[in-house]
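The next block holds one structure in the form of C-alpha cells; read it before the comments.
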Amino acid sequence: MSSPRIGIIGAGPAGLTLARLLQINGIPCFIFDLEQDRYARDQGGCLDLHEGAAQRALRECGLYDQFLAVARTEGEVLKIYEPNGTILLDEGSGYGERRPDSFNGRPEVDRQQLKDMLIDSLAPGTLKYGHKLFAVKTSVGGTSQKYDLHFEHSVEIGFDLVVGADGAWSKVRHLLTDQRPVYSGINGVDAKLCSIDNVDLALSRRVGQGMCLTLGSNTTVLSQRNGDGCVRSYGFMRLPEDWQTTCGIDWSSHETAKKEFIEKYYDGFNDDAKNLILLADEMAPRPMYMLPLGHRWAHRQGLTLIGDAAHLMTPFAGVGVNVAMEDALSLGLKLKQWKREVWDQSPEQGVSTIIQPTSAYEQEMFARAEAYGKETWMYLNLFFHEKGGRPMLEHFAKAKEQEREQAQKQVEEQTKKLVKTEALTQEEEPCLTQVTLVESKEEAIAQ
Ligand SMILES: Cc1cc2nc3c(=O)[nH]c(=O)nc-3n(C[C@H](O)[C@H](O)[C@H](O)COP(=O)(O)OP(=O)(O)OC[C@H]3O[C@@H](n4cnc5c(N)ncnc54)[C@H](O)[C@@H]3O)c2cc1C
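Just add 405 to wherever you are in the sequence shown, counting from 1, and you've got the numbering used here.
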C-alpha cells in the first residue's frame, strides 16, 4: 500500500519520538540530522520525564520498560541553599516542606540514554546523520504540493510532509513564520564537573542525588547530578544579551575564565557554590533564548513544527522535552488515524488531506505550548528573584495549600454524592414496596 513521503528534520527527542511512532504504525519516514553520529556532541544534562507527557509518549512507543530500566527515581529530589550555605529545603533528608505532589513521578534520565533508546528502536536506514539542512523549497513540477530538502552536500526531493524538529534555530520554521527566538534576559555559563565523587566527595554529598539550587539575589548556581557521575552546573543570572563579549572575561583560557567569572559575580556565595564552577572540567557561556509566549502561525500544507522548533522555552520549569515529546505523540497519533481512515480508504484524494491531522495537531499544540510557556516564565522569575530562594519556597507552600484545598473539596463532593445516593436508595425502597403491592393486586385480580 502506498504511503505519503515524510521527512523529519532533527534527531532530538521530538523528531526521534515521532519517527518511532510513525514506524510502529506502518508509516515510513526519514529523519535527517546535522551531526555526524549520535555521539558527535555532548548531549548536556539530564532530563526529568513527566508521567502524563514524555512517559506517555514512551508508553505509546513501546519503550516504557526500557525507560524504567535507566530512569533514576532517586534523582527527583531537590535541595535549595542560600548563598551563605543556609539550607532552605532538602527533600532527600526530609528537611523543609516538600514540593507539591504535582512534582512527583518525574524520574531523571540522561539525554544520551534517552536518545540511544529511541535511535535503537528505529528501522535501519531511517536516521541519516551528516545532513545539515540549509533550506526547504517547494518542488518544481508535479501536480501536488511537495517539498525538497536542501542539505549542505545533497538534495532530497518530493516530500509530502516535512516536520521541523530541528530545535531552537529551526530552518524549517523560516517557511512558516518570521519570528526568531528572543533573548530571555538570562545569561551565564554551563559548567561540567566530571566524576565528582573522586574530585570532592563532600561537594558531591552537598549536591545530593538530584537538583541542588543555590539562589542568591538574581544570581544562581543551578546544579544537577547526571547518571554518569558528573554534575552539571549553570551559573546563570540576569545579564544583557551581549554579556559574553562585553564582560571582559578572557574566554580563551578555561582556568582564567572560571576564576574571573566567580570573582566578578559570586561575592557572598560560599566556597561550595563557587567550587561547583571552579572545579569544572568544561565551561562555556550560554545565553538563554525563547520564542514569545503564545507564538503561533497560519497553517501551511505539508509543513509543521514540533518541540523547541515550535515553542522554544527556557529550562526553568523543566518541561521542554516533555512538551516536545507530547507534540510528537499528538502529531504521530493524528497521522496514524488519518492514514487509516482517509489515505488508505481513498488514496486517489491524494495527500492534500494531510492538512487535517497537521492543522488539528497545531491548534492543540499552540494551546498546550502557551500554558507551558507561561509556567516557564513564572519559574524564570522565581529562580531569578531579588529576594533569592525564599519566594520559591513561598510559591511551593501556596501550591501545596491549593492542592490540599482541592483534595478537601474532592472529599466533600464525594461525601455529598454518597449521602445523596443513600438518601435516594432510602426513598426508592417504599416505591419498590408499592410496585410489589400493585403487582400483588394485579395478580390478585388476575387470579
Ligand atoms: C540548559 C538546558 C537545560 C534543560 N533542562 C531541561 C529539563 O530538565 N527538562 C526538560 O524537559 N527540558 C529541559 N531542557 C529543554 C530540552 O533540552 C529541550 O526542550 C528538548 O531538547 C527539545 O527537544 P527537540 O527534539 O525539540 O530539540 P533538540 O533537542 O534541540 O534537537 C534538535 C535536533 O535537530 C538537529 N538540527 C538542528 N538544526 C539542524 C539542521 N539545520 N539540519 C539538520 N539537523 C538539525 C540537532 O542536531 C538536534 O539533534 C533544557 C534545555 C537547556 C538548554
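All residues carry an ideal CB built from backbone N, CA and C; glycine is no exception.
For F771, there is no enclosing beta strand (DSSP E); the enclosing alpha helix (DSSP H) has its first and last residue at I760 to F788. Secondary structure within the segment 503-577: the alpha helix (DSSP H) runs of 4 or more consecutive residues, fully enclosed, are 516-525 (chain order). Residue state for L717 is assigned as coil, using DSSP reduced to three classes. A distance below 6 Å between beta-carbons, with the five flanking residues on each side excluded, links S609 to the following residues of its chain, in chain order: I601 and D602.
Burial state of E767 is buried, judged by a 10 Å Cβ sphere holding 16 or more other Cβ atoms. Residue range H659 to Y670 is occupied by the alpha helix (DSSP H) that includes E668. When secondary structure is reduced to three states using DSSP, M695 falls in the strand class.
Excluding sequence positions up to five before and after V560, its CB lies within less than 8 Å of the CB of D553 and L554, all in the same chain and listed in chain order.
When DSSP states are grouped into helix, strand and coil, N592 belongs to the strand group. Annotated three-state conformation of T826 is helix, per DSSP.
In this chain, the alpha helix (DSSP H) harbouring K679 covers D676 to L683. Exposed is the label assigned to W574, since fewer than 16 other Cβ atoms lie within 10 Å of its Cβ.
Restricting attention to L532, M695, I759 and R425, the CA atom closest to the CA of K779 is found in M695.
Nearest in C-alpha terms to L421, of all of G449, A570 and V475, is A570. With respect to F564, H536 sits apart: the two C-beta atoms are not nearer than 9 Å.
Sixteen is the threshold: when 16 or more other Cβ atoms of the shown chains lie within 10 Å of the Cβ of N592, as they do, the residue is buried.
Here DSSP, grouped into helix, strand and coil, assigns E791 to coil. A distance criterion of 8 Å places the beta-carbon of R477 beyond contact range of ligand 1, judged by its closest non-hydrogen atom.
Contact between M688 and K663 holds: their C-beta atoms lie close to 6 Å from each other, under 8 Å.
A residue is called buried once 16 or more other Cβ atoms fall within 10 Å of its Cβ, and H558, having fewer, is exposed. Within its own chain, the residues whose Cβ lies closer than 6 Å to the Cβ of M522, once the five positions on either side in sequence are excluded, are L468 and Q471, listed in chain order. Residue environment analysis places Y777 among the buried positions, since at least 16 neighbouring C-beta atoms fall within 10 angstroms of its C-beta.
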